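K.L.:
First to last, the protein sequences are chains A and B.
For what it's worth, my numbering labels the leading residue of the first sequence as 76, then goes sequentially.
For what it's worth, my numbering labels the leading residue of the second sequence as 330, then goes sequentially.
Positions of the beta carbon are idealized from the N, C-alpha and C atoms, including for glycine.
In this text the structure is predicted, and so the values were computed from the model without any measurement.
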Amino acid sequence: MKYTDGAEIREAIEQYLPKVMKPTRYLGAEWNTVVKNWDEVKVRMAFAFPDVYEVGMSHLGLRIIYHLVNSYEDFLCERVFAPWVDMEEIMREKEIPLYGLESFRPLKDYDVVGFTLQYEMSFSNILNMLDLAGIPWRCEERSPEDPWIIAGGPCAYNPEPLAPFVDFFFVGEAEETLPQLLHMIQEQKENPVSRKEFLLKVAQVEGVYIPELYKVDYKEDGRIASITAEPGAPKEIKKAIVRDFDNSFFPTKPIVPYMEIVHDRIMLEVMRGCTRGCRFCQAGILYRPVRERSPETLLKQVDEMLKSTGYEEISLTSLSSGDYTCIQPVVQEILDKYSKDKVSVSLPSLRLDSFDVKLAEEIQKVRKTGLTFAPEAGTQRLRDVINKGVTEENLLETAESAFKSGWSSIKLYFMIGLPTETQEDLDGIASLAKKVADLGSKLGRRNVRVTVSTSSFVPKSHTPFQWEPQEGMLSLDRKQKYLREILRDRRIKYNYHDVETSFMEGVFAKGDRRLADVLELAVKKGCKFDGWHEHFKYDTWLEALEEVGLDPHFYANRAMDYDDVLPWDHIESGVSKKFLVHEHHKALKESLTLDCRFVDCTGCGICPERELQNDLKG
Amino acid sequence: MRTLRIRIAYTKVEEAKYIAHLDLSRVFERACRRAGIPLAYSQGFNPHPKIAFGSALAVGVEGEQEYVDLELEKEMDLKELLGSLQEQLPKGIRLLEGRQINPKARALMAVLNGATYQIRTSLTLPLTEEKLQKAINDWMDRSYIPYIRYNKKGRVEKDIRPWVKELKGKIKDHEVIFDLEVEIGNQGSVRPEEVIASLKKLEELPLEMEFLRIRRTGIFVSYEGKKVSPLEQEAFGK
């Protein structure tokens, strides 16, 4: 690399900023950015988001970790995002290394580079970013001078395709364990011990998974024979959990970007976890048990954040905010206090059965936006299979009151390719959409607009459907075309995703560490930004798979046996395999499992295993 | 309710020069909210703050004296307003001056009709002062100067000469420093880089075009041959 220090990199980058799209992606210096004195801290971390700035900055996890690490006097945390292709081209041509946004220092200068793993299709960007930073990909190729490469987030629950590239994975919630690791890294800098000795020490931290301490053996047919931990490394990695969620760290001086980002508002995390138990949902397993924040804490945070950001909108975020037991009083109090200042509230994840139109009307007083619901499947039978406990009546009642209160556009999300899906279920999607549209017309709404979006089901690790095969691409494609035909109605718009991307997502979601070679080869061949339709190179991925000699259908389209060793068997979500098997059986019998917040314990295992319980404030 | 209207002159330099014009309004809105300045909002489903700028600055171009109008919902001491707003603005946006203006005064967009720019660029080959002056004079003597722009409709040829009121240049070390004055009209204007690109091409000057350093040194109301600041009484007449 031509440039090695921060001032030089800044000068070089600034020269090219007028030539790229959205230059403030690369500038840093936003409001509330934390810039620390490099020489006065002991451990320097770069939080790396493997997608563009406006996606990364919309991610609450980044904001928590960034401000959390910076809250320690001895640590510093800066941010780095995947440069968009126009900037990448310039950086490669001019040999400008990837840098941290606060100091413009090259990534190589940091002690730790931490990637967040939000979705499988961002894996290629991780390698591409390391390449742009001049950091070798594989742990074994890196020297002690290179940064530690760490990673966390939902995909860390099946991190195997990234195993050779990452020193430590964080499984679970890192608010308490990341600072612990950074202290250990500080100690290692001051009094270094051998790599092996250090790894074994770090392996004792709750939720830390160090792939090189585990050996995977395969059977002749390609399935896994065994996963063996080295002596001294835990056999199973238990996820880290924040126990006192109400008092856990939450940043109240979040960064306010210059450019418009995807979620450009205050994000208030009202609770963590969801026990509704939808059987396709990975987050519903990973973040158990449910922990709520108290209204007092939330209102204090709102006050601080409005003052520190100047934002005019507050989003109450969680996996299902309508289920937050204090939602009504919290929304009411925010509106009472701040609507005179034109502050509005949005609830991004509402369930049809927890949706309260009065509440929705209330929050729409200041700004009016569309309503989105996710019935997920077209018939009651299939909704029972996936344990999505909403009914057609729920949807129609909700739609009716929404139309009556002045809404005219409603979005509906569905999945296709769910286990046991039949023709009837597809027809059900269309008939539900039409019923909603007809209801709007009947109630005298002009410009009724129903947007139907389908995504293709991808079986995810740690869910009751983890053993299920993904449906083949041809068949998914046919289903999309069929829906496009039967959804022809000027009031209905139909959106869907390309099946090739879902297929590759399926491969990596259920993949093992042999896929690392494929990932490496695909990135060498130019794969990046796979989540962006215009950059996804399906043929290149197939080429890479073939050259490495792996069959993608083996991963995505094979039904796994209950007694197969799964690539993620050594990673524990706290929910027992026994429970998942039981839920899978129940799914096939179309039998519902109720939410343990409202009825009896369902026996998923997390509470007794970790001596916890749902923590509700209402 | 009486609405108060404040006109403020500010700089947009250093890092702030990369803030896109569309984002600038958000920057001011959030700064005002943090500063507790009671902005007035439009009515309707999607209330917008009443913040209005003059002519847009291109990304990367510095502005030495730009203007913004803010409408307030209730009275606030001007000094206090400027002081608390300044504290909430990013580096590079410095408030220079502000005053309360007639609520009926015409919008900045409608009154600003002229701007001056300073453009600096390197020479790719040696050039004498004499040759530079001749090139500039020849260029200014042209009565029709076509320039090709590309927009959504495709290729558009425009005569840029009418917009250019004055162009001066001098050589300093290996750099040429141009001073340019342009008119801004209802039909738009000419961009400084277009003037320099045309000068380079038509008069065959050895100018480096990739990294022009452009600064808007002023934007004003051209009135009876004088350059008047939009802060001055006569500029915002009825």
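What distance in whole Å lies between the Cβ atoms of V116 (chain A) and D149 (chain A), which are believed to be in contact at a cut-off of 8 Å?
P.N.:
Confirmed, Cβ separation roughly 6 Å.
K.L.:
Report the partner residues of N480 (chain B) according to the DSSP bridge assignment.
P.N.:
Answer is B:G483, bridged to N480 (chain B).
K.L.:
Quick one: which unbroken beta strand (DSSP E) runs of 3-plus residues sit fully inside the segment 310-388 of chain A? Chain order, please.
P.N.:
Whole beta strand (DSSP E) segments, 3+ residues: 341-344.
K.L.:
Cα-Cα, which of A:V160, A:V127, A:K183, A:P181 is closest to V337 (chain A)?
P.N.:
Of the listed residues, the one whose Cα sits closest to V337 (chain A) is A:V127.
K.L.:
In three-state DSSP terms, what is F540 (chain A)?
P.N.:
Three-state DSSP puts F540 (chain A) in coil, outside helix and strand.
K.L.:
I want to see whether chain B comes within less than 7 Å of G307 (chain A), judged by CB atoms only; does it?
P.N.:
By this cut-off, G307 (chain A) is not an interface position.
K.L.:
Based on DSSP bridge pairs, tell me the residues matched to A121 (chain A).
P.N.:
In the DSSP output, where bridge partners are listed per residue, A121 (chain A) has A:E153, A:V188.
K.L.:
Using a Cβ-Cβ distance under 7 Å, would M334 (chain A) count as near chain B?
P.N.:
With 7 Å as the cut-off, M334 (chain A) counts as an interface residue toward chain B.
K.L.:
Against K408 (chain B), what residues of chain A qualify as contacts under a CB-to-CB distance less than 7 Å, listed in chain order?
P.N.:
Within chain A, no residue comes near K408 (chain B); the closest Cβ sits about 21 Å away, beyond 7 Å.
K.L.:
Output, in chain order, the set of chain D residues within a Cβ distance shorter than 7 Å of K382 (chain A).
P.N.:
Although the question refers to chain D, the structure presented lacks it and instead comprises the protein chains A and B.
K.L.:
Mind checking whether S472 (chain B) and W492 (chain B) have CB atoms under 7 Å apart?
P.N.:
No.
K.L.:
What do you reckon, are the CB atoms on L70 (chain A) and F124 (chain A) nearer than 7 Å?
P.N.:
Examination of residue 70 (chain A) is not possible in this model, given that chain A is present from 76 through 693 alone.
K.L.:
Are the C-beta atoms of Y370 (chain B) and some chain A residue less than 7 Å apart?
P.N.:
Output row for Y370 (chain B): interface = yes.
K.L.:
Among B:I465, B:E533, B:E344, which residue has its Cα nearest to the Cα of Y333 (chain A)?
P.N.:
The candidate whose alpha carbon is nearest that of Y333 (chain A) is B:E344.
K.L.:
For K492 (chain A) and T327 (chain A), what's the separation of their Cα atoms in angstroms?
P.N.:
Reading off the sequence, residue 492 (chain A) comes out as Gly, not Lys. Roughly 41 Å separates the two Cα atoms.
K.L.:
Tell me whether the segment 522-530 of chain B and the segment 425-432 of chain B touch, counting them as touching only if at least three CB pairs, one residue from each stretch, are closer than 8 Å.
P.N.:
Judged by Cβ distances under 8 Å, the segment 522-530 of chain B makes no contact with the segment 425-432 of chain B, as fewer than three pairs qualify.
K.L.:
State buried or exposed for L470 (chain A), treating a residue as buried only when at least 16 other CB atoms are found within 10 Å of its CB.
P.N.:
Buried, because 16 or more other Cβ atoms sit within 10 Å of the Cβ of L470 (chain A).
K.L.:
I need the DSSP call for R85 (chain A), collapsed to helix, strand or coil.
P.N.:
Reduced to three states, the DSSP call for R85 (chain A) is helix.
K.L.:
Measuring CB atoms only, is the segment 375-391 of chain A touching the segment 477-488 of chain A, in the sense that at least three cross pairs come out at less than 8 Å?
P.N.:
The segment 375-391 of chain A is not in contact with the segment 477-488 of chain A.
K.L.:
If we cut at 7 Å on Cβ distances, does I430 (chain B) have a partner in chain A?
P.N.:
So no, I430 (chain B) is outside the interface.
K.L.:
Could you check the C-alpha separation between V246 (chain A) and I402 (chain A) for me, to the nearest Å?
P.N.:
Cα to Cα, V246 (chain A) sits roughly 29 Å from I402 (chain A).
K.L.:
If you draw a straight line from the C-alpha of L558 (chain A) to the C-alpha of L507 (chain A), how long is it?
P.N.:
Cα to Cα, the separation comes out at about 12 Å.
K.L.:
Kindly indicate which residue of A:N203, A:Y289, A:I341, A:T495 has the alpha-carbon position closest to the one of I409 (chain A).
P.N.:
Nearest option by C-alpha distance: A:I341.
K.L.:
Check whether the segment 560-573 of chain A and the segment 648-660 of chain A touch, using three or more Cβ-Cβ pairs below 8 Å as the test.
P.N.:
These segments do not touch.
K.L.:
If you follow the beta strand (DSSP E) that E395 (chain B) is part of, which residue opens it and which one closes it?
P.N.:
Taken as a continuous stretch (DSSP letters only), the beta strand (DSSP E) holding E395 (chain B) covers 391-401.
K.L.:
Give every residue of the same chain whose Cβ lies closer than 7 Å to the Cβ of G680 (chain A), excluding the five residues on either side of it in the sequence, and list them in chain order.
P.N.:
These residues qualify, in order along the chain: G649, V650, S651, F654.
K.L.:
Put D411 (chain A) into one of helix, strand or coil per three-state DSSP.
P.N.:
Reduced to three states, the DSSP call for D411 (chain A) is helix.
K.L.:
So, at 6 Å on beta carbons, what are the nonlocal neighbours of R449 (chain B) in its own chain, with the 5 sequence-adjacent residues on each side left out?
P.N.:
These residues qualify, in order along the chain: E504, I506, R542.
K.L.:
Answer with buried or exposed for E580 (chain A), where buried requires no fewer than 16 other C-beta atoms within 10 angstroms of its C-beta.
P.N.:
E580 (chain A) should be labelled buried.
K.L.:
Of the choices B:P559, B:M405, B:L386, whose alpha-carbon is the least far from that of D352 (chain B)?
P.N.:
Taking only the C-alpha atoms, the option nearest D352 (chain B) is B:L386.
K.L.:
For M120 (chain A), which residues of its own chain have a beta-carbon under 8 Å away from its beta-carbon, when the five flanking residues on both sides are left out?
P.N.:
The answer, listed in chain order, is V144, F150, L151, C152, E153, Y185, D186, V187, V188, G189, L257.
K.L.:
Chain B partners of A512 (chain A), CB-CB under 7 Å?
P.N.:
None at all; the shortest Cβ gap to chain B is about 22 Å.
K.L.:
Output the distance between the C-alpha atoms of Q394 (chain B) and P376 (chain B), rounded to the nearest integer angstrom.
P.N.:
Whole-angstrom Cα-Cα distance: 29 Å.
K.L.:
Can you pull the chain B residues whose beta carbon is under 7 Å from the beta carbon of V331 (chain A), in chain order?
P.N.:
Ordered by position in chain B, the residues that pass the 7 Å Cβ test against V331 (chain A) are R359.
K.L.:
Exposed or buried, which one is V674 (chain A) when buried takes at least 16 other CB atoms within 10 Å?
P.N.:
Exposed: under 16 other Cβ atoms inside 10 Å.
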